[in-house]
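Participant: In the working numbering, the protein residues as written are 4 to 146. For every residue, glycine included, the Cβ atom is placed at its ideal position computed from N, Cα and C. Every value quoted in this text rests on a predicted model; they were computed, and no experiment measured them. This is the structure I want to talk about, given as structure tokens.
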């Protein structure tokens, strides 16, 4: 004797799940799409903190921060620009110098206007000053 053992979902159950997912997507997607600038600014702040730490390690080894001419590249490879980094750490302090979240290089000034060094992104427009997504983000803002 053959018994029909059915298992699975009915068309109604599947449709209910699809409708629920559609409603959730309609509520969640707009919230996510409003926040890419917040995510980009968070990435820049994290990069600045990481570069700040690498610069402090460089100073611990070499007694000074790299100057503006040496730039952030002095964290990746030993600079030939004076002053010489006599205790430069073999392998460097970072693997590479990242770009900011908008694809621009980070700006570095040593000695800085706001402290021993200024490390900053010019924001989405790549221009000084600005508001919202175009606002500058610097290491002095994170203290």
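1) Quick one: give me the first and last residue of the beta strand (DSSP E) that residue 64 is part of.
2) Per the contact definition of three or more C-beta pairs closer than 8 Å, is the segment 114–134 in contact with the segment 80–89?
3) Would you grab the beta carbon distance between residue 192 and residue 48 for me? Rounded to a whole angstrom, and I think it's under 8 Å.
4) Do residue 57 and residue 111 have their C-beta atoms closer together than 9 Å?
5) Could you give the distance in angstroms between the alpha-carbon of residue 93 and the alpha-carbon of residue 82?
6) Is it the case that the CB of residue 55 approaches a heavy atom of the ligand MG more closely than 8 Å?
7) Buried or exposed for residue 73, please, with buried defined as at least 16 other CB atoms from any protein chain shown within 10 angstroms of its CB.
8) Do residue 70 and residue 113 count as a contact pair if the criterion is CB distance below 9 Å?
9) Could you tell me whether the Cβ atoms of residue 66 and residue 77 are closer together than 9 Å?
10) How long is the line joining the alpha carbons of residue 27 and residue 11, rounded to whole angstroms?
11) Check the DSSP bridge columns for residue 111 and list the partner residues they point to.
Facilitator: In short, the structure shows the following:
1) First-last for residue 64: 39–65, but that is the alpha helix (DSSP H), not the beta strand (DSSP E).
2) no
3) Any answer about residue 192 is impossible in this case: the structure gives the chain only from 4 up to 146.
4) no
5) 12 Å
6) This structure simply doesn't include the ligand MG, nor any ligand for that matter.
7) buried
8) yes
9) The Cβ atoms of residue 66 and residue 77 do not sit closer than 9 Å to each other.
10) Between residue 27 and residue 11, the C-alpha separation is close to 24 Å.
11) Beta-bridge pairing by DSSP links residue 111 to 122.
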